[in-house]
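Asker: Once you've had a glance at the structure underneath, I'll fire off some questions.
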Amino acid sequence: MDGNIKKGTVLSIEGQTARVAPMSNIELVSQSIQIAEYIDATELTKGSAVAYVIFEDQTGLVFAKLS
Numbered sequence: 001m002d003g004n005i006k007k008g009t010v011l012s013i014e015g016q017t018a019r020v021a022p023m024s025n026i027e028l029v030s031q032s033i034q035i036a037e038y039i040d041a042t043e044l045t046k047g048s049a050v051a052y053v054i055f056e057d058q059t060g061l062v063f064a065k066l067s
């Protein structure tokens, strides 16, 4: 992963972190990444579409829930 913004699917949520995969390759599962503070994690469910970014060091951020 290279720090580009991606559209993906939430695969699991634990607290204020989520594991996501890009829409184009559901097999490419991320490590747990932070959900932005302004997003209510309880509104995200498995299968929710999100915008996220993952950096070279495998840290990342889910920064938007998409409709």
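For the sequence shown, counting from 1, position 26 maps to 26 in the working numbering; every step adds exactly one. For glycine and all other residues, C-beta sits at the position ideal for the given N, C-alpha and C.
1. What are the boundary residues of the beta strand (DSSP E) that V10 is part of?
2. Scan the segment 20 to 62 and note each continuous beta strand (DSSP E) run of 3 residues or more that stays entirely inside, going in chain order.
3. Within the same chain, show all residues whose beta-carbon is closer than 6 Å to that of S12, passing over the 5 residues directly before and after it, in chain order.
4. Measuring only the C-alpha atoms, how far is A49 from T59?
Answerer: Let's see:
1. 5 to 14
2. 33 to 35, 49 to 54
3. R19
4. 19 Å
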